[in-house]
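Chains as they are written, first to last, in my numbering: chain D, 1 to 393; chain W, 394 to 552; chain F, 553 to 1148. Cβ atoms here follow ideal geometry from the backbone N, Cα and C, with glycine treated the same way. Please read all numbers here as calculations on a predicted model, not as lab measurements. Reviewing the structure listed below.
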């Protein structure tokens, strides 16, 4: 047993077998009350971006539309993340209940689960669960229906507008924003798109009320979070923990005693070196300061045997392939970063070339069309700046 | 040729005769044929009244929508960081030596194709791979041999 | 109805309607924001990121082409932050572009080159990606060369091919570093549904899509003592050539064009407008004959509506997209091909040169004409009727190569015979022009009177609306055309293949019942053709159209059937419209092609 300090929570995975009662109770409440509960709970999107869930539902509810959609984003592709798979296999009914309530609140009768192709093996169980759930909805007089839409191997489809494009039969290329999904989502209709975990959390909020959720975590980061822990750890796996811990506490619990760095938030997240563990808090505290890190839940631990050059190389390789390719900074920038660190390593470019690459990464962050291209700079800058000597020698 | 026509017609009947049905139709073709041939794409374009180039463009965007002939079993080894740290290269070496092919190739008997892929979401149980839709995690070279052996046995029960 | 939004751009206040983009607002106050993927004719893509600007107080930059204005915005288009990010974007584009500028056909006419120069992209840029990439250069098409190594993935061509033209030959394929512009299964353009219209060429910012050039071949033909080189010039060339030689859009340069061609060394300088008039006689009579067969004889083989056939992009489009409707297309050849057939028969005899020693060159606003000239059907003279097709751009290049100061050339006249034309022939170059020319003649043939429009200007068929309809009632028909008395001739004009498709879909669905449809593959008609000077946009096309109608208005002869050289041609060779000789030389047939 690794943990001595961090409290393990069991809100998401506890299977309470009370979906019917929760739905009955929630359906009987005014939509505005449900939205207010979500807003006061402080729940933010668990996919990584951290948009307030209650506000998202409210904006979509306030948008007029003959047709609206609820979409569960199960295109979990961020390296180091596997919690949504676990949630969908262990407590799918919570996710479905969250979707149905959302449908009720925004006025939608149709929900989709966009399931990544890599998780196709989940479909048979999930379909059985959906069928059971539909029977329950029928019993409750609710016409909401859920369908699975399967992806086919494209990381970028986790980006919400790319996901809509994909569902519409196109290449998964992110759209220009505005307009946003709350007014122009799937099929150009108002759409709520939530991460699997976010929807599962709404279930707890409907059940226990917003206070219990709000009491967990700190400041702007309320509630619990499901973490996917991998890398150099004796205890890889899924853990539900409270927001607001320092990285030091996390490493004390999950590291192997020789932790050199932790990648928070996957390939598109930040790499934190040992000397910053104490100061780094896990959560979304306002603007990114480097001292407060949001995460979709991926925590990759590296010990001192690891070459951070290899780590960065692996990430960049990933981005070079998974960029949709439409915008210049992302399509070409990722290739330049990859070839650039290779050239420095081989001595074909001077070490000062890394500075040029850091400037490029910053330009990518402020010019790329979507979150993918914008966030390449996160891992790139945090690895290059903190482990510069490993990049050169 | 007629089979392809029939298959695409059925899929379009199921998923609709508009662009919106494109992805499930292409997935359906891959499920049946393991890859999407030129003829199949033309039929899809015809059924959905979109251009063949668009079908090709969309198909090639998604790494699971193969557009070249593949083996009956497509093995996709995760190459992303966690699996790399847990020794995916040993797994690939084992696969290459047992199958006698290189990464990206298909065995002569048309049974196996070998691919690398990005994160499979099995990071806590690396190294991992998919064989068609089935995930295998916590792989070792021995386990890999066993998996291949089991498939071969299933395919050639006599041997 | 829409609200006005107030903002500042580079500290200049501006007020624009809600929904306006930052780029459009900037244009209003004459602030130029550089762009690459943006094109006025196309939907916004927002993918090149060259047009990024800074909004004060916002961390990330925004694409000005895609971002609508909002109240109180303070936009900086040239802040250090915007400038350096933009420079990075340009450097990145240059790094994936085979920047072999001195050897590039588009050298000097490349938007990436201009931006690189403006942003001083030096040699200390990023790593050249070209050695790491596999790329193809497709030069199998007689019309268009597609060089992937020059492509910067702005997707203007894809949007042109799919939205503006609804052809669907080009698409974006693969993703990430492998993302590229591709045809179906990466086949050569020649083997897919490409119509060779060249609208992609008109909009490609670099040298990735260019016309296949025959300039050097024409130069060497002109150098041969034993050859007599005949040149014809299409109607739309004379209102656009000036743009490629430093003049403003909308200048009519017919006289200078003729003078320049003589100076270049062409032996006979003749006019496609002559065969445009001839086309009207043949096609107009074909229409009347079909009307008679359909209305009087009730002959099911007489297919209506009849569509025009002068636009080779349209012809190839219908062969692919509506192969069941080929018998609706006029069998009359295009003016270029009628000219070619006559050049090596009638004209050769006139000037006493053996047809094999005639080299027939045409100057066209069009890339599809190169393909048309190559069609196996186009050898009525026993030779290739038109040997070389040059675009307006290629001619401008030859004029520059020859060191001719185009602007100061004195006006000159076409040679005779086959150099005379009417105003009706001239307006062939604008959308609606063939319709107008045909009506001017057909109405008069049937009634013996001029079309009842002031100054013969049939304004309902003019303009730039994508699809236009007009109805002309025939009154007072001559006895032999009495079956047409009181008939309302229902006409339709469409330009741009997306509009053509719309019309043909309606014809197919039976929701319209036109008698005659004019279709031009390119937006604006030939004046917006794929071989015309770059850039193109609606304003430029409008100016070219105005010039064409100006030229028509000033012509002493306005109706095709009054062209004295055409009359002479019938007297000496053809005898009457649709005669056997006419059929042999001036008519053709079409072939059904694969839709995909």
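Could one say the Cβ of residue 517 of chain W lies closer than 8 Å to chain D's Cβ atoms, at least one of them? yes
Between residue 530 of chain W and residue 100 of chain D, what straight-line distance do the alpha-carbon atoms span, to the nearest angstrom? 34 Å
With distances taken Cα to Cα, identify the nearest neighbour of residue 273 of chain D among D:303, D:266, D:376 and D:256. D:303
When burial is assigned at 16 or more other CB atoms within 10 Å of the CB, is residue 1138 of chain F buried or exposed? buried
What residues in its chain sit with their C-beta under 6 Å from that of residue 606 of chain F, if we drop five residues either side in the sequence? 613, 628, 631, 633 and 634
Just the Cα atoms here: how many angstroms apart are residue 1073 of chain F and residue 945 of chain F? 19 Å
Closer than 8 Å is the cut-off here; do at least three beta carbon pairs connect the segment 460-475 of chain W with the segment 508-518 of chain W? yes
What did DSSP end up calling residue 428 of chain D once you bin it into helix, strand or coil? Within the shown structure, residues of chain D are numbered from 1 to 393, placing residue 428 of chain D beyond reach of any answer.
Since residue 217 of chain D sits in a beta bridge, which residues does DSSP pair it with? D:222
With 9 Å as the C-beta to C-beta threshold (strictly closer), list the residues of the segment 53-80 of chain D near chain W in chain order. 76, 77, 78, 79 and 80
Does chain F have any CB closer than 8 Å to the CB of residue 289 of chain D? For residue 289 of chain D, the pLDDT reaches just 41, beneath the cut-off of 50, and the residue's location in the model is therefore unreliable, although a value from the coordinates is still provided. No - not a single Cβ of chain F is within 8 Å of the one on residue 289 of chain D.
Taking contact to mean 3 or more Cβ pairs, one atom from each stretch, closer than 8 Å, check whether the segment 836-849 of chain F and the segment 781-799 of chain F are in contact. no
With distances taken between CB atoms, is the gap from residue 408 of chain W to residue 422 of chain W smaller than 8 Å? no
Could you tell me whether the Cβ atoms of residue 705 of chain F and residue 595 of chain F are closer together than 8 Å? no
Under 8 Å, with one C-beta from each stretch per pair, do the segment 567-584 of chain F and the segment 675-691 of chain F reach the 3-pair mark? no
In angstroms, rounded to a whole number, what distance separates the CA positions of residue 601 of chain F and residue 161 of chain D? 18 Å
Looking at chain W, is there any beta carbon in it that lies within less than 8 Å of the beta carbon of residue 870 of chain F? no
Give the straight-line distance between the Cα atoms of residue 1124 of chain F and residue 925 of chain F, rounded to the nearest whole angstrom. 26 Å
Between the segment 137-164 of chain D and chain W, which residues of the former have CB atoms less than 7 Å from a CB of the latter, in chain order? 150, 152, 153, 154 and 155
Tell me residue 523 of chain W's beta-bridge partners as DSSP assigns them. W:469 and W:528
Which ranges would you report for the alpha helix (DSSP H) in the segment 607-695 of chain F if only whole runs of at least 4 residues count? 632-647 and 663-670
For a test of the three-state rule: what should DSSP assign to residue 1196 of chain F, helix, strand or coil? Because residue 1196 of chain F is not part of the residues shown, which for chain F are 553 to 1148, the question remains open.
Quick one: list the residues of chain F neighbouring residue 321 of chain D, beta-carbon separation under 9 Å, in chain order. 727, 728, 729 and 730
Does the beta carbon of residue 411 of chain W come closer than 8 Å to any beta carbon on chain F? no
Name the residue from F:580, F:912, F:715 and F:664 whose alpha carbon lies nearest to the alpha carbon of residue 1051 of chain F. F:715
Could you list which residues in chain W have their beta carbon closer than 7 Å to that of residue 960 of chain F, in chain order? Chain W residues near residue 960 of chain F: none, gap ~47 Å exceeds 7 Å.
With DSSP as the reference, label residue 290 of chain D as helix, strand or coil. Legend: pLDDT at residue 290 of chain D = 44, less than 50; position of this residue unreliable, value from coordinates given subsequently. Residue state, collapsed to three classes: coil.
Which residues in chain W have a C-beta closer than 7 Å to the C-beta of residue 735 of chain F? List them in chain order. 446
Could you tell me which chain F residues have their CB closer than 7 Å to the CB of residue 554 of chain W, listed as they occur along the chain? A question about residue 554 of chain W goes unanswered here, because the residues of chain W that appear run from 394 up to 552.
Limits of the alpha helix (DSSP H) - the one that residue 333 of chain D falls within: 328-346
Residue interval of the alpha helix (DSSP H) (run including residue 208 of chain D): 196-208
Note the first and the last residue of the continuous alpha helix (DSSP H) segment covering residue 355 of chain D. 353-367
Can you tell me whether DSSP reads residue 823 of chain F as helix, strand or coil? strand
Could you pull out every residue in the same chain whose Cβ sits closer than 6 Å to the Cβ of residue 1014 of chain F, ignoring the five residues on either side in sequence? 984
For residue 1044 of chain F and residue 966 of chain F, the rounded distance between their alpha carbons: 33 Å
Beta bridge counterpart(s) of residue 69 of chain D as assigned by DSSP: D:110 and D:191
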